[in-house]
Structures are given as C-alpha cells and as structure tokens.
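For the sequence shown, position 28 (counting from the first letter as 1) is numbered 28 according to our numbering, and the numbering increases by one without interruption.
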Amino acid sequence: MADIYQFKNLGDGRGSLVSLESNKNLPFNIKRVYYMYGCTPTKPRGFHAHRELQQIAIAISGSCRILLDDGITKKWLQLNSPEQGVHIGNMVWHEMHDFSDDCILMVLADDFYDEADYIRDYDQFTNSMRGVI
Ligand code: TYD
1 MADIYQFKNL
11 GDGRGSLVSL
21 ESNKNLPFNI
31 KRVYYMYGCT
41 PTKPRGFHAH
51 RELQQIAIAI
61 SGSCRILLDD
71 GITKKWLQLN
81 SPEQGVHIGN
91 MVWHEMHDFS
101 DDCILMVLAD
111 DFYDEADYIR
121 DYDQFTNSMR
131 GVI
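If you want it as structure tokens, here you go:
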C-alpha cells in the first residue's frame, strides 16, 4: 500500500538534482503535476481516495505526515526528503497532516483532474472496499 520510491540525487558540488521520468524511476506516465504550499499544521488536507488515480507525493521542501489507509490497514509516514516519494495507489484513503511552514508537497499523477474519481466520504470508501456498494 505504501511503496516508497528512493530517487537518486544526481547533484554535485553545485547542489542537488533529482530527475523524475515517466515509467523509468516512476511507476506510471505523468499526466499532471500539482503542488501544495503555504499549508499549516492545523489544517490537514486530503481526506479522500481515488477510484482509479495513481499518484506519487514528494515533499520537495519541508515536511508533513501522510496517512495511508486501504480500509484495513492504516499507515503513517513522514515525508521529509526531496529524494523520496510515496506511492498513493487507487482506493487508498489519504490524509496529509502536520505541514511544516516551508513544506512544498508536490504530487505527480497519472491522469488529469476529475472530481468524479474522488471518494470524499470515509464510510462510502470503507463500504466500497468491503464490496458493500
Ligand atoms: P482537493 O483535491 O480537495 O485538495 P486536498 O485533497 O489537498 O485537500 O483540491 C482542492 C481544490 O482544487 C478542489 O476545488 C479541486 C481543485 N483541484 C483542481 O482543480 N485540480 C487539481 O489537480 C487538484 C488536485 C485540485
């Protein structure tokens, strides 16, 4: 549920550099990139799952915590490295908490934005995971 991708730092004496390439060091073809910044510890985000979307989240600056929940297991991870990404698979409820002031959370997604792909109700999410609806 929570595959961590470790990206190679291609940097040198001038600083660090990480390169992300579709279907090379990422498990899918990137169609969309978005990022969150100016978030605060008191305002968690996310609180949804996606029916189909695959994503990789990377804290390219600062840190936050992410909860991944497949309806059975809950896993908390700390995102605090531009060299590390967490895979958020489809049908994984996720929440982002405890953003540092300098946090920039970049997300790579395998499809365009589509509100119909969201499940924003936790009971609906767990019911669909149990095959109830
Ligand atoms: P939302 O996914 O609810 O943010 P979060 O999960 O971080 O709490 O998105 C916030 C708003 O931005 C919502 O109105 C949808 C819009 N949005 C887009 O238009 N395009 C996008 O790629 C994303 C991720 C969100």
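Yeah, the Cβ is synthetic: ideal placement off N, Cα and C, and Gly gets one too.
As the structure is a computational prediction, the values presented were derived from the model and not from experiment.
Among the options, which one has its Cα closest to the Cα of residue i?
i, options, result
"N94", "R51, G62, Q78 and D69", "The question names Asn, but residue 94 is His in the sequence shown. Out of R51, G62, Q78 and D69, D69 has the C-alpha closest to the C-alpha of H94."
"C39", "M129, K24 and R65", "R65"
"L67", "Q78, A59 and I60", "Q78"
"D114", "F125, R51 and D3", "R51"
"A2", "L108, Q124, A109 and T73", "T73"
"P44", "F125, A57, L105 and D98", "D98"
Considering only their Cβ atoms, is the gap separating residue j from residue i smaller than 7 Å?
i, j, result
"L20", "G11", "no"
"F7", "E83", "yes"
"G71", "S100", "no"
"V92", "A59", "no"
"G46", "M96", "yes"
Just to confirm the assignment, what range does the beta strand (DSSP E) spanning residue i have?
i, result
"I4", "I4 to Q6"
Give a yes or no on contact between the segment 115-128 and the segment 27-36, applying the rule of three or more CB pairs nearer than 8 Å. no
In chain order, which alpha helix (DSSP H) runs of at least 4 residues are fully inside the segment 55-121? none
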